[in-house]
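The structure under discussion appears below in the form of structure tokens.
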Amino acid sequence: MERYKRILAAVDGSAQSEAALKRAIHLAVQHESSLHICHIVESKEYSRVPLFREEIKEAAEENGLAILEKGKKLAEEFGLKQVQTIIKRDPFPEKRIVKDILPLYSIDLIVTGFSGLGPIERYMLGSVSAGLVKHAGCDVLVVKNKETEESNYRHILIAVDESSMAVNAFTTGLALAKKHEADLTAVHVLHPPLMHSLEQFQEDIQDVYMKNGELLLEKYKQLAAENKADEMMFMLDYGSPKHIIPKESAQRCQADLIIAGALGAGQEKGIRLGSVSEGIVRRAGCDVLVVRPKFLMPLKN
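Under this note's numbering, the first residue of the sequence shown is numbered -10, with each subsequent residue one higher.
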């Protein structure tokens, strides 16, 4: 079953959003998906200038329409037939997208740039992107790779733990790796709590966590074998997952895409982003796909 049939690209005219649009186009072609290109005119910006409000509003909407027309033309040049543009006006773009646009068009995947047009946002996770990653009810791909001409990912890293969401991230990674003909690695990071206060038991605790981690990876190896991913690599790292995965683990396997579940073990009562997933999105030097499952899949015992 194809996971992504309706893809939405959020664009604002920035270089980051252009890279995100190109990635969304590549994915739509590969998955034979419909593509929705969305631009939200941030009305709070021109509302601060009452004297020229109407003129600024009209100019902002014309600029948005031009961005969408350019994006649609590019998508059609790649052979996409099902391309729809969406323009709305709202002071909070991420809320409008999450609450109205996603359910209206039954979106499976949002593709967004890491940052936006603002001078500060260029160097950190933009407010719109952050809102989409945290609150969207579907998968979100945050594009960070500078080079987007390469249509396929080559090295995919999946963050795994005991959670059902991690299992869904894993199966998503298996499917994407096959479609992209990519190398695939799964990493589990051991993070024993309060080690500094239990120094006399440190070696025993490390042994227990190590054995548990090895058992967990054995379950994922079995799942990989069932899906004929015999050449997949597995890593067991140690430390804080939100720091180790995007920096050390990703660099070791030269990842150009990291896949993580929206929530980790013990967090599955809601759909808000977990601290590990958020940390990976903020710190990674490559694209990050945050997966929210349509149904939860437990690991086999």
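Positions of the beta carbon are idealized from the N, C-alpha and C atoms, including for glycine. The structure presented is a predicted model; accordingly, all values stated were derived computationally and were not measured.
Quiz prompt | Val0 versus Ala48, Leu10 and Arg(-8), residue with shortest Cα-Cα distance | solution = The residue you call residue 0 lines up with position 11 of the sequence shown. Closest option to Val0, Cα to Cα, is Leu10.
Exercise. On a CA-only basis, which of Leu212, His180 and Lys210 is nearest Val197? Give me that one, please.
Key: Against the sequence shown, residue 197 aligns to sequence position 208. Nearest option by C-alpha distance: His180.
Quiz item: Between the Cα of Asp79 and the Cα atoms of Ala218, Glu31, Val270 and Ile14, which residue gives the shortest distance?
Solution: Position 90 of the sequence shown, counted from the start, is the residue given in the question as residue 79. Ranking the options by Cα distance to Asp79, first place goes to Glu31.
Practice problem: Classify Met199 as helix, strand or coil using the three-state DSSP reduction. | Solution: What you label residue 199 is simply residue 210 of the sequence shown in a count that begins at 1. DSSP places Met199 in helix when its eight states are reduced to three.
Practice problem: Could you pull out every residue in the same chain whose Cβ sits closer than 7 Å to the Cβ of Tyr(-7), ignoring the five residues on either side in sequence? | Solution: Position 4 of the sequence shown, counted from the start, is the residue given in the question as residue -7. Same-chain partners within the cutoff: Leu16, His20, Ser22, Asp97 and Leu98.
Quiz item: Just checking my contact of Val176 with Met221 at CB under 8 Å: how many whole Å lie between their CB atoms?
Solution: Mapped onto the sequence shown, residue 176 falls at position 187. Mapped onto the sequence shown, residue 221 falls at position 232. Contact flag wrong, Cβ pair sits at about 11 Å.
Quiz prompt | Val100 beta carbon less than 7 Å from that of Ala309 | solution = Because the chain spans -10 through 290 in this model, residue 309 falls outside it and cannot be assessed.
Quiz prompt | Run of the alpha helix (DSSP H) containing Lys88, from where it starts to where it stops | solution = Walking along the sequence shown from the start, residue 88 turns up at place 99. Premise fails: Lys88 is in no alpha helix (DSSP H) and is neither H nor E.
Self-check item: CB of Asn134 within 7 Å of CB of Asp226, strictly
Solution: As a working note, residue 134 is residue 145 in the sequence shown. As a working note, residue 226 is residue 237 in the sequence shown. No, they are not a contact pair.
Practice problem: Output the boundary residues of the alpha helix (DSSP H) element that contains His28. | Solution: The count along the sequence shown starts at 1 and reaches residue 28 at position 39. It is not in any alpha helix (DSSP H) - His28 instead sits in the beta strand (DSSP E) that spans Ser23 to Val30.
Quiz prompt | Three-state class that DSSP yields for Met154 in the structure shown | solution = Here residue 154 is taken as the residue at index 165 of the sequence shown, counted from 1. Helix at Met154.
Quiz item: What span of residues does the alpha helix (DSSP H) with Lys123 cover, start to end?
Solution: Translated into the one-based positions of the sequence shown, residue 123 becomes position 134. Segment Ser116 to His124, the alpha helix (DSSP H) holding Lys123.
Quiz prompt | Ile75 versus Pro82: straight-line alpha-carbon distance, rounded | solution = Reading the sequence shown from its first residue, position 86 is the one you call residue 75. Reading the sequence shown from its first residue, position 93 is the one you call residue 82. Looking at the two C-alpha atoms, the distance is approximately 12 Å.
Quiz item: Are Phe67 and Gln5 close, meaning C-beta to C-beta below 7 Å?
Solution: Taking the first residue of the sequence shown as 1, we reach residue 67 at position 78. Taking the first residue of the sequence shown as 1, we reach residue 5 at position 16. Not in contact: Phe67 and Gln5 (Cβ atoms no closer than 7 Å).
Exercise. Compute the Euclidean distance between the alpha carbons of Gly53 and Cys27, then round it to the nearest angstrom.
Key: Residue numbering aside, residue 53 sits at position 64 when the sequence shown is read from its first letter. Residue numbering aside, residue 27 sits at position 38 when the sequence shown is read from its first letter. Looking at the two C-alpha atoms, the distance is approximately 9 Å.
Exercise. Would you kindly work out how many angstroms separate the C-alpha atoms of Gln71 and Ile248, rounded to a whole number?
Key: Residue 71 sits at position 82 when you count from the first residue of the sequence shown. Residue 248 sits at position 259 when you count from the first residue of the sequence shown. Whole-angstrom Cα-Cα distance: 27 Å.
Quiz item: Could you check where the beta strand (DSSP E) with Gly68 kicks off and where it finishes?
Solution: Here residue 68 corresponds to residue number 79 of the sequence shown, with the count starting at 1. Where Gly68 is concerned, there is no enclosing beta strand (DSSP E), given that its DSSP letter is neither H nor E.
Quiz prompt | Which residues DSSP lists as bridging Thr74, in chain order | solution = Here residue 74 corresponds to residue number 85 of the sequence shown, with the count starting at 1. Per DSSP, Ile26.
Quiz prompt | For Leu252, the three-state DSSP class (helix, strand or coil) | solution = Residue 252 sits at position 263 when you count from the first residue of the sequence shown. In this structure, Leu252 counts as coil in the three-state DSSP scheme.
Exercise. Please report the Cβ distance between Arg241 and Asp128, rounded to the nearest whole angstrom; I am assuming they are in contact, meaning their Cβ atoms lie under 8 Å.
Key: Along the sequence shown, one-based indexing puts residue 241 at 252. Along the sequence shown, one-based indexing puts residue 128 at 139. Not a contact, Cβ separation roughly 25 Å.
Self-check item: First and last residue of the uninterrupted alpha helix (DSSP H) at Arg12
Solution: Here residue 12 is taken as the residue at index 23 of the sequence shown, counted from 1. Looking at the DSSP string, the run of the alpha helix (DSSP H) that includes Arg12 is Ala4 to His20.
Quiz item: With DSSP run on the structure shown, which of helix, strand or coil describes Gly102?
Solution: One-based indexing of the sequence shown puts residue 102 at position 113. Strand, per DSSP.
Practice problem: Tell me whether Arg271 counts as near the ligand ZN, meaning its Cβ is closer than 6 Å to at least one heavy atom of that ligand. | Solution: The ligand ZN is absent from the structure shown, which contains no ligand whatsoever.
Self-check item: Run of the beta strand (DSSP E) containing Glu0, from where it starts to where it stops
Solution: Taking the sequence shown and counting its residues from 1, the one referred to as residue 0 is at position 11. Note on residue identity: the sequence assigns Val, not Glu, to residue 0. Run containing Val0: none; DSSP gives neither H nor E here.
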